[in-house]
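Each residue of the sequence shown is one higher than the last, beginning at 1 in UniProt numbering. Each residue gets a CB set at the ideal place from its N, CA and C atoms; glycine is no exception. A short write-up of the structure that comes next.
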Amino acid sequence: MPATSFLETAQGRRIAYHKSDGQGPCVVFLGGLKSDMEGTKAVHLEAWAKARGQAFLRFDYSGHGESSGTFEEGCIGDWHEDTLEAVAHLTDGDIVPVGSSMGGWQALLLAREVPERIKGMVTIAAAPDFTEDGYWANFTDAQKAELEAQGYVELPSDYMEPYHVSKRMIEDGRQRLVLRSPLFLPFRTRCLQGTADTAVSTGTALRLLDHAACADMRLTLVKDADHRFSDEACLTMIEDAVLDILSGD
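This is the structure in structure tokens:
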């Protein structure tokens, strides 16, 4: 196993990453909330890319995995900065972001910031605007009061320990929303979504499909697949979606 490398960012963060050299475009895996670059999808896609001789990058956002900081201090904007820094300093030329869950939101933010760098995009259970539509919209009055009083609330998760949701995450998320204003994706986009996903609904996937301005955007719904989307069949679908992007003109 190659040793982890680190990138010192302009914001003073230390971002852990693994980069595989190869032909471009570079496939960049963007993980989900509280996930890290050792997750099944990231590691599998890296092995697939290496076998193809394709350049590949996976990294940990600040407060995740081996990177500096704590999750509780982070927010969507911080992780967007981490993504921009990783792309700017660790890749050259065209890239293919593969965004899982919160990483799907990060991929869409990346599309707004550097669309000229993106060859095409793959999302897996993309969760754009979840701090507003998933968290804030479903907070009870008691939770909103708790958020204001102590600065955070704890929310249960079907997939890991409870989420620590800070007031900063909610307020920052409102500055990063992508489904409330025009969203231009001037490249081929492939979206994958499981129908048994209890973290991100098919409604969110359909909303993104309807909202985005994209000449070549497809959504694939996978019956009974859950939010992990990491069994053998799902991993093969991710490979095929990335290959579809790479083979495009």
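- With a beta-carbon spacing of about 14 Å, residue 183 and residue 205 fall beyond the 8 Å limit used to define contacts.
- Straight-line spacing of the CA atoms in residue 120 and residue 190 works out to 8 Å.
- Within its own chain, the residues whose Cβ lies closer than 6 Å to the Cβ of residue 102, once the five positions on either side in sequence are excluded, are 32, 33 and 127, listed in chain order.
- Straight across, the Cα-Cα distance linking residue 156 with residue 203 is about 21 Å.
- Residue 131 is a Cβ neighbour of residue 173, given a cutoff of 8 Å.
- For residue 218, the enclosing beta strand (DSSP E) covers residues 217-222.
- Annotation: the segment 83-164 contains the following complete segments of the alpha helix (DSSP H) (minimum length 4 residues), in chain order: 102-113 and 141-150.
- Secondary structure of residue 214 (DSSP, three-state): coil.
- Non-local C-beta neighbours of residue 105 in its own chain, meaning closer than 8 Å and more than five positions away in sequence, comprise 76, 99, 126, 127, 128, 129, 130, 176 and 178, ordered along the chain.
- Here residue 82 is buried, its C-beta having at least 16 other C-beta atoms within 10 Å.
- Straight-line measurement puts the Cα of residue 44 at about 18 Å from the Cα of residue 226.
- Only residues of its own chain outside the window of five on either side were considered, and among them 44 have a CB closer than 6 Å to the CB of residue 235, listed in chain order.
- Judged by their CB atoms, residue 58 and residue 37 are nearer to each other than the 8 Å cut-off.
- Taking the CA atoms as reference points, residue 27 sits about 14 Å from residue 84.
- The three-state reading of DSSP puts residue 19 in strand, counting E and B together.
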